[in-house]
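Undergrad: Below: one structure in structure tokens.
In the UniProt record's numbering, the protein residues as written are 1 to 495.
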């Protein structure tokens, strides 16, 4: 599989696109005035402890106070008299938040989820700091290995190696990332030394900094992309900015010199995203409907509670029978759904309504195709079996806003409903408002200002009704069209 990473830089916005076999799979956006805060570590102050929510609000110096749940507060595990250091920790219940935190307390926290909508950032005191091959867990002693490294001999080698290296650098815990597979001891030793230096700085700043201060900031988007997204099958990282290219070269020279040859400066006249068709794909990623090659299509609806995805056959008639047609459409849809989740960065609860299938083996194959297609997703996903209603429920970890909510805002015409009242409905609302106004206030004449479409309907199709209303009320009613008025807007003015 051919994969490239494209970095497009403009003065106030940086975009990173992951393209696999010529198709856009992921898009990451960072704007200068609104950089994400996930991964940043702050010295915060507890603003308010909420016992009923088992949580606290913490002031970080951001626009809104952040949210810290009791489950995300590190606490020392109790040690039984006969328990050895190597024994597995005994499960303990979460103490009350009032036992863990108090109002006004200063605390070092890390952001695990950006502010989304009206919600503040989500926090944890369980600090983790990533590098190229490892994730440092300074409050743990455990070494874990990514589940995507499947070779048992390699897993054992990495775990043993990192455990031995960790012992000489404070004995901290680590997660071995997928990128570490096949890496020599020297590369992992460099990562551990780097992470130890970073943690020493974080500890010192945590003691000295004032509350509401950032004490560790994650890398900028281009550097994070190189650190987190490059895998063995990534052929090139193409950058259209000389300054960003130089910074990437300096970064990889210091931390991952073997990747230096993969970083390439793009100096073509045509914009890099246009060259790869990324701009068109971004536009399509904002549409509700996603066409499938077979003629079927997906309909994606994102709501506050969940995202629903409906699969339809459309014009696809198939070659044999209805069941075969449905099966083929669902197989294609399963792959398309996995891609759209990554591209649109949809998270939380996701409900997929595949077309009904009667053959249990077809259901298993569709589910297997979905899980396989999700295997390349960087976000954690969990897929459940078909429900009795034929729906597939799944979750995808969300740390930042979806692509739609990063690039779009609520429609002023419909206020986010996705539809507006018909001109006929608004016409009868106007009539009711006229009657209400005349009964409340004394006026000889009335002026109604509304959108051109509503005024046209009233003066043409409802002219007889207007005449009846004028006779009934004993008032003269005049109508005025205004292009500035939306279809549902109108004003009744007493003259």
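Beta carbons are placed, not taken as given, at the ideal position from N, Cα and C, and that holds for glycine.
Nothing here was measured: the structure is a model prediction, and the numbers come from that model.
Indicate the three-state DSSP secondary structure (helix, strand or coil) for residue 53 in the structure shown.
TA: Here residue 53 refers to the residue found at position 53 when the chain shown is read from its first residue. Helix.
Undergrad: In whole angstroms, what separates the C-alpha of residue 341 from that of residue 347?
TA: For the purposes of this step, residue 341 is taken as the residue at position 341 of the chain shown. For the purposes of this step, residue 347 is taken as the residue at position 347 of the chain shown. For residue 341 and residue 347, the distance between alpha carbons rounds to 8 Å.
Undergrad: Between which two residues does the alpha helix (DSSP H) holding residue 362 run?
TA: As a position in the chain shown, residue 362 is number 362, starting the count at 1. Counting along the chain, the alpha helix (DSSP H) containing residue 362 begins and ends at 360-374.
Undergrad: Thinking residue 402 and residue 345 are a contact (beta carbons under 8 Å), I'd like their distance in whole angstroms, please.
TA: What you label residue 402 is simply residue 402 of the chain shown in a count that begins at 1. What you label residue 345 is simply residue 345 of the chain shown in a count that begins at 1. Yes, residue 402 and residue 345 are in contact; Cβ-Cβ is about 5 Å, under 8 Å.
Undergrad: Use the C-beta contact count for residue 44: other C-beta atoms within 10 angstroms, 16 or more gives buried, fewer gives exposed.
TA: In the chain shown, counting from the first residue as 1, residue 44 sits at position 44. By the neighbour-count rule (16 or more Cβ atoms within 10 Å), residue 44 is buried.
Undergrad: What does the alpha-carbon distance come out to for the pair residue 485 and residue 450?
TA: The residue labelled residue 485 in the question sits at position 485 within the chain shown. The residue labelled residue 450 in the question sits at position 450 within the chain shown. So the two alpha carbons sit approximately 6 Å from each other.
Undergrad: Between residue 132 and residue 179, which are expected to be in contact by the criterion C-beta below 8 Å, what is the C-beta distance as a whole number of angstroms?
TA: Translated into positions along the chain shown, residue 132 becomes position 132. Translated into positions along the chain shown, residue 179 becomes position 179. Confirmed, Cβ separation roughly 6 Å.
Undergrad: Three-state secondary structure (DSSP) at residue 301?
TA: Locating residue 301 in the chain shown gives position 301, where the first residue counts as 1. Residue 301: strand per DSSP, three-state reduction.
Undergrad: Of all Cβ atoms in chain B, is any one closer than 8 Å to the Cβ of residue 24?
TA: No chain B appears in this structure, which consists of one protein chain only.
Undergrad: Using a Cβ-Cβ cut-off of 6 Å (strictly less than) and excluding sequence neighbours within five positions of residue 144, which residues of its own chain qualify?
TA: The sequence position of residue 144 within the chain shown is 144, counting from 1. Once the five neighbours on either side are set aside, the close Cβ partners of residue 144 are 175.
Undergrad: Can you tell which of 405, 421, 442 has its C-alpha closest to the C-alpha of residue 116?
TA: The count along the chain shown starts at 1 and reaches residue 116 at position 116. The shortest Cα separation from residue 116 among 405, 421, 442 belongs to 405.
Undergrad: Starting from the C-beta of residue 101, find all residues in its chain whose C-beta is less than 6 Å away, skip the five residues before and the five after it, and write them out in chain order.
TA: Looking up residue 101 in the chain shown gives position 101. Within the same chain, residue 101 has close Cβ partners 46, 49, 56.
Undergrad: Along the chain, where does the alpha helix (DSSP H) that runs through residue 98 open and close?
TA: Position 98 of the chain shown, counted from the start, is the residue given in the question as residue 98. Taken as a continuous stretch (DSSP letters only), the alpha helix (DSSP H) holding residue 98 covers 97-100.
Undergrad: Using the beta-carbon count (16 or more within 10 Å), is residue 442 buried or exposed?
TA: As a working mapping, residue 442 is identified with position 442 in the chain shown. So residue 442 ends up on the exposed side.
Undergrad: Between residue 230 and residue 249, is the Cβ-Cβ spacing less than 8 Å?
TA: Translated into the one-based positions of the chain shown, residue 230 becomes position 230. Translated into the one-based positions of the chain shown, residue 249 becomes position 249. No, the pair does not count as a contact, with Cβ atoms beyond the cut-off.
Undergrad: Quick check on this structure: which residue in 39, 12, 125 has the alpha carbon closest to the alpha carbon of residue 68?
TA: What you label residue 68 is simply residue 68 of the chain shown in a count that begins at 1. Looking at the Cα atoms, 125 is the closest of the given residues.
Undergrad: Does DSSP put residue 213 in a helix, in a strand, or in coil?
TA: Start at 1 with the first residue of the chain shown, and residue 213 comes out as number 213. Residue 213: strand per DSSP, three-state reduction.
Undergrad: Leaving aside the five residues before and after residue 446 along the sequence, list all residues of the same chain whose C-beta is less than 8 Å from its C-beta, in chain order.
TA: Taking the chain shown and counting its residues from 1, one reaches residue 446 at position 446. Once the five neighbours on either side are set aside, the close Cβ partners of residue 446 are 434, 437, 438, 475, 476, 477, 478, 492, 493, 494, 495.
Undergrad: Using alpha carbons as the reference points, say which of 454, 266, 112, 70 lies closest to residue 96.
TA: Working through the chain shown from its first residue, we reach residue 96 at position 96. Nearest C-alpha to residue 96: 70.
Undergrad: Between 171, 130, 128, 118, which has its C-alpha nearest residue 141's C-alpha?
TA: For the purposes of this step, residue 141 is taken as the residue at position 141 of the chain shown. Closest by alpha carbon: 171.
Undergrad: Name, in chain order, the residues that DSSP records as bridge partners for residue 351.
TA: Along the chain shown, read from residue 1 onward, the residue named residue 351 stands at position 351. Beta-bridge pairing links residue 351 to 308, 393.
Undergrad: Quick check on residue 378: buried or exposed, where buried means 16 or more other Cβ atoms within 10 Å of its Cβ?
TA: The residue given as residue 378 occupies position 378 in the chain shown. Per the 10 Å Cβ criterion, exposed.
Undergrad: Is there contact here, the segment 293-305 with the segment 26-39, by at least three beta-carbon pairs under 8 Å?
TA: Verdict: no, contact absent.
Undergrad: To the nearest whole angstrom, what separates the beta carbons of residue 16 and residue 221, a pair I think is in contact under 8 Å?
TA: If you number the chain shown from 1, residue 16 lands on position 16. If you number the chain shown from 1, residue 221 lands on position 221. Sure, about 6 Å apart at Cβ, within 8 Å.
Undergrad: If you check the beta carbons only, do residue 400 and residue 218 fall under 8 Å apart?
TA: Position 400 of the chain shown holds residue 400. Position 218 of the chain shown holds residue 218. For residue 400 and residue 218, no; Cβs fall outside 8 Å.
Undergrad: Are the CB atoms of residue 173 and residue 137 within a distance shorter than 8 Å?
TA: If you number the chain shown from 1, residue 137 lands on position 137. If you number the chain shown from 1, residue 173 lands on position 173. Yes, Cβ-Cβ distance for residue 137 and residue 173 is below 8 Å.
Undergrad: Quick check on residue 256: buried or exposed, where buried means 16 or more other Cβ atoms within 10 Å of its Cβ?
TA: On the chain shown, position 256 is the one that residue 256 refers to. Burial call: buried.
Undergrad: With DSSP run on the structure shown, which of helix, strand or coil describes residue 271?
TA: For the purposes of this step, residue 271 is taken as the residue at position 271 of the chain shown. In this structure, residue 271 counts as coil in the three-state DSSP scheme.
Undergrad: Under 8 Å between the Cβ atoms of residue 288 and residue 269?
TA: What you label residue 288 is simply residue 288 of the chain shown in a count that begins at 1. What you label residue 269 is simply residue 269 of the chain shown in a count that begins at 1. No, these two residues do not count as a Cβ contact at 8 Å.
Undergrad: Quick check: what's the CA-CA separation for residue 448 versus residue 430?
TA: Locating residue 448 in the chain shown gives position 448, where the first residue counts as 1. Locating residue 430 in the chain shown gives position 430, where the first residue counts as 1. When rounded, the distance between both Cα atoms is 8 Å.
Undergrad: Tell whether a beta-carbon distance below 8 Å holds between residue 369 and residue 331.
TA: Here residue 369 corresponds to residue number 369 of the chain shown, with the count starting at 1. Here residue 331 corresponds to residue number 331 of the chain shown, with the count starting at 1. Their beta carbons are under 8 Å apart, which means residue 369 touches residue 331 by this criterion.
Undergrad: Taking the alpha-carbon positions, what's the residue 228 to residue 245 distance?
TA: Indexing the chain shown from 1 puts residue 228 at position 228. Indexing the chain shown from 1 puts residue 245 at position 245. Rounded to the nearest angstrom, the two C-alpha atoms are 17 Å apart.
Undergrad: Please name the residue or residues paired with residue 491 in a DSSP beta bridge.
TA: The residue labelled residue 491 in the question sits at position 491 within the chain shown. 449.
Undergrad: If we ignore side chains and look at the alpha-carbon of each, how far apart do residue 89 and residue 73 end up?
TA: Against the chain shown, residue 89 aligns to sequence position 89. Against the chain shown, residue 73 aligns to sequence position 73. Residue confidence is low: residue 89 scores 42 on pLDDT, short of 50, so the model does not pin down where it sits. Its coordinate-derived value is still stated next. Distance between the alpha carbons of residue 89 and residue 73: 17 Å.
Undergrad: With distances taken from CA atoms, which of 284, 18, 313, 154 is nearest residue 295?
TA: For the purposes of this step, residue 295 is taken as residue 295 along the chain shown, with counting starting at 1. When only C-alpha atoms are compared, the closest one is 313.
Undergrad: Is DSSP giving residue 222 helix, strand or coil here?
TA: Position 222 of the chain shown, counted from the start, is the residue given in the question as residue 222. Three-state result, residue 222: helix.
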